[in-house]
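*Asks:* Here it is: the structure, laid out below.
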Amino acid sequence: MELEDIYRRDLNLLIALRVLLEEGSVSKAAIRLSLSQSAMSRVLGRLRSLTGDPLFTRHGQQLIPTQRALELNAQLTAPLDTLRHVLSPEEFDPAKCEQSFKIATTDYAMQTILPFALPRIYEEAPGLSLEFAPLQHDQLMRQLTSEGCDMAICRPTGPVDPLQSDRLGLVSVFCMVSKHHPLADKALTLEDYLAYPHAVIAISDGVKALIDEALRGHPEPKLALRAYHLEAAVAMLDSLPLIITVPADLAYLVGEKYDLVIKPLPFDFKPFDYSLIWHPRTEHSAAQVWLRNLIKEECSRLIDTRIKDMGFV
1 MELEDIYRRD LNLLIALRVL LEEGSVSKAA IRLSLSQSAM SRVLGRLRSL TGDPLFTRHG
61 QQLIPTQRAL ELNAQLTAPL DTLRHVLSPE EFDPAKCEQS FKIATTDYAM QTILPFALPR
121 IYEEAPGLSL EFAPLQHDQL MRQLTSEGCD MAICRPTGPV DPLQSDRLGL VSVFCMVSKH
181 HPLADKALTL EDYLAYPHAV IAISDGVKAL IDEALRGHPE PKLALRAYHL EAAVAMLDSL
241 PLIITVPADL AYLVGEKYDL VIKPLPFDFK PFDYSLIWHP RTEHSAAQVW LRNLIKEECS
301 RLIDTRIKDM GFV
């Protein structure tokens, strides 16, 4: 029988057959299915037409199933159990999870945010597998659809509709210079910021537009180096009097590691939102909801603590 032939049949009748078999009574089956007794009798008549078998004989008030009814009952057990599972709310036990998730993210999030969520993720779901893909702002929709990314962690650079999003927290930016920089022991002024050469790295490319907006009306900072990796820019600090502007908590992380001098921006800069973004196709997946909630909880707590410690709010 083809699917379209099955579609034309009233499969609810098979549920009614199972109830009739369990109750052995038209009146009791009617109560269970919220039908009148006459409506339940009509259902039984339609069942007989569907199967070409009387299905039951009467013995007083009791329905006695025919051999065909018993055979159908045995055959219905597996598909009805499957339907119950398919139509029941999805349950997710992270301890039993062996799924793989793909997250598009920035270098910034990989270095400063996610490391603080990973221990709890693997503690609760030791069998889980994570893959991280470099985030591409202009291809975010494609990454979350055809490229199979389950979610993204980034600063949205524009409207994300029809994607779903949840705010993780505020992020600001600081500057880094070497201890040998002429400004290392001085308060950084706007004139200094505009006069000295800058290094821009991929990790802060999303921030550059915000810096440019904040400096509208002023000369553009002198761009001396553009590098993909932060380490490449840091390696040049002893050779060139560069200023590197990056997200503030990354500045503290890298500054401590490489013994750099951290300075606040010498102009007004509004901290920006960092967000968790996902496609509507994963909105109601129990596993995805669990992972999103855990990342939001851990990353939001971390970001909130940092912005308070650094005096942003």
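Numbers 1 to 313, taken from UniProt numbering, label the letters of the sequence shown in order. Ideal Cβ positions, reconstructed from N, Cα and C, are used throughout, including at glycine.
Closer than 8 Å is the cut-off here; do at least three beta carbon pairs connect the stretch 227-244 with the stretch 67-85?
*Replies:* Short answer: they don't touch.
*Asks:* Check the C-beta distance from residue 258 over to residue 234 and give it rounded, since I have them as a contact under 8 Å.
*Replies:* 5 Å
*Asks:* Report back the beta-carbon spacing between residue 46 and residue 21 to the nearest angstrom; my notes put them in contact at under 8 Å.
*Replies:* 16 Å between Cβ atoms; not a contact.
*Asks:* Taking DSSP as the reference, what is the three-state secondary structure of residue 18?
*Replies:* helix
*Asks:* Hey, would you say residue 250 sits closer than 7 Å to residue 112, going by beta carbons?
*Replies:* yes
*Asks:* Among residues of its own chain, excluding the 5 on either side of residue 292, which ones have a beta-carbon nearer than 8 Å to its beta-carbon?
*Replies:* 151, 166, 276 and 278
*Asks:* Is residue 57 helix, strand or coil when you go by DSSP?
*Replies:* strand
*Asks:* By the 10 Å Cβ neighbour count, where 16 or more other Cβ atoms means buried, how is residue 169 classified, buried or exposed?
*Replies:* buried
*Asks:* Cα separation between residue 262 and residue 255?
*Replies:* 7 Å
*Asks:* How many Å lie between residue 270 and residue 191 at the Cα?
*Replies:* 20 Å
*Asks:* Does DSSP put residue 66 in a helix, a strand or coil?
*Replies:* coil
*Asks:* For residue 313, count the other beta carbons within 10 Å of its own beta carbon; 16 or more makes it buried, fewer makes it exposed. Which is it?
*Replies:* Because the pLDDT at residue 313 is just 49, under 50, the model does not fix this residue reliably, and the point stays unresolved.
*Asks:* Are three or more beta carbon pairs between the stretch 143-161 and the stretch 176-191 nearer than 8 Å?
*Replies:* no
*Asks:* Do you know how far the Cα of residue 144 is from the Cα of residue 188?
*Replies:* 41 Å
*Asks:* Does the separation of the CB atoms of residue 140 and residue 105 fall below 7 Å?
*Replies:* no
*Asks:* Pairing CB atoms from the stretch 112-124 with CB atoms from the stretch 56-74, are three or more of them under 8 Å?
*Replies:* no
*Asks:* Within this structure, are the beta carbons of residue 149 and residue 96 separated by less than 7 Å?
*Replies:* no
*Asks:* Would you mind working out which of 274, 23, 18 and 10 sits nearest residue 160, comparing C-alpha positions?
*Replies:* 274
*Asks:* Can you check which of these residues, 87, 247, 281 and 217, is closest to residue 230 by C-alpha distance?
*Replies:* 247
*Asks:* Quick check on the DSSP output: the alpha helix (DSSP H) that includes residue 333 runs from which residue to which?
*Replies:* The structure shown does not extend to residue 333, since the chain spans only 1 to 313, so no value can be given for it.
*Asks:* Sorted by chain position, which residues of the same chain lie with C-beta nearer than 7 Å to residue 252's C-beta, five sequence neighbours on each side aside?
*Replies:* 262
*Asks:* Drop a sphere of 10 angstroms on the beta-carbon of residue 281, count the other beta-carbons inside from all chains shown, and report buried for 16 or more, exposed for fewer.
*Replies:* exposed
*Asks:* Buried or exposed, going by whether 16 or more other CB atoms sit within 10 Å of the CB of residue 60?
*Replies:* exposed
*Asks:* Mapping DSSP to helix, strand and coil, what is residue 36?
*Replies:* coil
*Asks:* Specify, as a first and last residue, the run of the beta strand (DSSP E) that residue 179 falls within.
*Replies:* No beta strand (DSSP E) contains residue 179, which DSSP labels as neither H nor E.
*Asks:* What does a CB cutoff of less than 8 Å around residue 98 pick up in its chain, not counting 5 residues either side in sequence?
*Replies:* 127, 128 and 129.
*Asks:* With DSSP run on the structure shown, which of helix, strand or coil describes residue 153?
*Replies:* strand
*Asks:* With distance defined between alpha-carbon atoms, name the residue in 85, 91, 122 and 109 nearest to residue 100.
*Replies:* The shortest C-alpha separation from residue 100 is found at 122.
*Asks:* Just tell me which of 217, 36 and 208 has its CA closest to the CA of residue 272.
*Replies:* 208
*Asks:* In three-state DSSP terms, what is residue 242?
*Replies:* coil
*Asks:* Do the CB positions of residue 132 and residue 287 come within less than 7 Å of each other?
*Replies:* No, Cβ-Cβ distance for residue 132 and residue 287 is not below 7 Å.
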